[in-house]
Structures are given as structure tokens and as C-alpha cells.
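K.L.:
My structure is below; once you've seen it, I'll send some questions.
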Amino acid sequence: MSADAPHWRVALDAAGRAGVALRPLEDLDDADRARRVIDSVWGEQVLPRELIRAFQHAGTTLIGAEEGDRFVGFVFGFAGLDPDLHVHSHMLAVLPPWRSRGVGFALKLAQRAVCLDHGIEEVRWTYDPLVARNARFNLVKLGADAVRLLPAFYGEMTDRLNRGDRSDRFEVRWRLRSDRVERALRGEATRPPVG
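Numbering-wise (our numbering), the sequence shown opens with residue 76 and increments by one.
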């Protein structure tokens, strides 16, 4: 993480405002820390430790947030090739006492910085279109674009957080160098494009 690059300065400044430090998650202890957050948010069974370790070894974007010696959240993504190279951001999780403090925003900005360091200019993910706070975060605060509705994307949801819910999702594309994203990251909220 180089504070010299503008995209890292934005991420590290956001982390400072949130009161956390950001760092890559690289070893088994880090995999266990991520598992504990996953278990706290979604319940057990969502992502095995061994798979987290394999993703670490493969060099995926796996970044953690800490307040002092307390691990409070992480973001996780992996390379996608459909049809162009991008990162699919699969998980962003922050423990309840640290939510609404900007930790998730700092983690997403760190994920953006890692992608830009590697020449990747788009991140994609899905989110529940019925959760307003996620829509605001994704479309307004980050400046991502919802590009399509994916009905029953995950099938029947079985994790503790979503059990019994429909799994309709919006696919989001975060074009990391777009004017819309640059404006959003400066706090110049813009309405998401419609249509």
C-alpha cells in the first residue's frame, strides 16, 4: 500500500477518518480472523477457511480493517473474465459496532486501489435491490452503476442473515476511473443513471 499514489491516499484518508488501519490479509491467522467476521455476520458455512487461504495464495484482493488490535472487517474479491478482466467483489463485512463509521467505504477504496495498481479498471458485485442503505452506498457514495437485475441469483438463501429471503440481485459495475466515480469519491453525490 503506497501512500504516494493518489488512489491509495484516498483509501488511507478514508481509513483514518473511520479510525482503522488497512492491510492485506496474507496468512492462516488472517483467514481465521476473516472467518470470525463471516460467522458473526452470515453465520457458519458461508466461506471455508481453506478456500480463504487458497484465495490468499492466488493473490486475490483480500484486505482487512483493524482498530488497534481488533480485526473489524474485510473486503474480498477475485478476478473475473466475463467478458473482460475485472474483479468480482464477493464479500464486504464489518462487525456491527463498527458499521456506519466509514469502515466499509475505506475497505472498498482499498480494493479499488489494489485493482488500479494492477491495471484493473472495473469491479463488479451484486446486491439486494430492496436494501436501501446498500443502494445508497453502492450507487451514490461509490458511484457504481446498477446494470441489470439477476432474478433468484443465488437460489434459496441459507445463511443466517438472508435465510428465507429472495435472492434477486442487481449487478453493479464500478468503473474505477470514470468521472462519475471520481465525483462520488470527492463527495459530490450524483444521481445514478436510469435506463
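Note that beta-carbon positions come from the ideal geometry of N, C-alpha and C, so glycine has one too.
Taking the continuous beta strand (DSSP E) assigned at F153, which residues delimit it?
P.N.:
The continuous beta strand (DSSP E) containing F153 extends over residues 145 to 155.
K.L.:
Hey, T201 and E231 are a contact pair by Cβ (cut 8 Å); roughly how many whole angstroms apart?
P.N.:
Actually they do not touch by this definition, with Cβ atoms about 16 Å apart.
K.L.:
Assign L260 to buried or exposed, taking buried as 16 or more other Cβ atoms, counted over all protein chains shown, within 10 Å of its Cβ.
P.N.:
Around the Cβ of L260, a 10 Å sphere holds 16 or more other Cβ atoms; the residue is buried.
K.L.:
For G177, is the classification buried or exposed, using 16 other Cβ atoms within 10 angstroms of its Cβ as the cut-off for buried?
P.N.:
buried
K.L.:
On a Cα-Cα basis, can you pick out the residue from F228, V198, T233 that is closest to R248?
P.N.:
For R248, the nearest C-alpha among the options comes from V198.
K.L.:
Can you have a look at S115 and say buried or exposed, based on whether 16 or more other CB atoms are within 10 angstroms of its CB?
P.N.:
exposed
K.L.:
Could you pull out every residue in the same chain whose Cβ sits closer than 7 Å to the Cβ of A78, ignoring the five residues on either side in sequence?
P.N.:
R84, L87
K.L.:
Classify R208 as buried or exposed, calling it buried when 16 or more other Cβ atoms lie within 10 Å of its own Cβ.
P.N.:
Exposed: under 16 other Cβ atoms inside 10 Å.
K.L.:
When DSSP builds the beta bridges, which residues end up paired with M232?
P.N.:
None; M232 has no bridge partner.
K.L.:
Under DSSP, the beta strand (DSSP E) around I113 begins and ends at which residues?
P.N.:
Unbroken run through I113 is the alpha helix (DSSP H), 103 to 117; no beta strand (DSSP E).
K.L.:
Report the rounded CA-to-CA distance for Q186 versus L251, giving the unit in angstroms.
P.N.:
10 Å
K.L.:
Mapping the DSSP letters down to three states, classify P99 as helix, strand or coil.
P.N.:
strand
K.L.:
Going by beta-carbon coordinates alone, are L137 and G155 separated by less than 9 Å?
P.N.:
no
K.L.:
For H132, count the other beta carbons within 10 Å of its own beta carbon; 16 or more makes it buried, fewer makes it exposed. Which is it?
P.N.:
Exposed, because fewer than 16 other Cβ atoms sit within 10 Å of the Cβ of H132.
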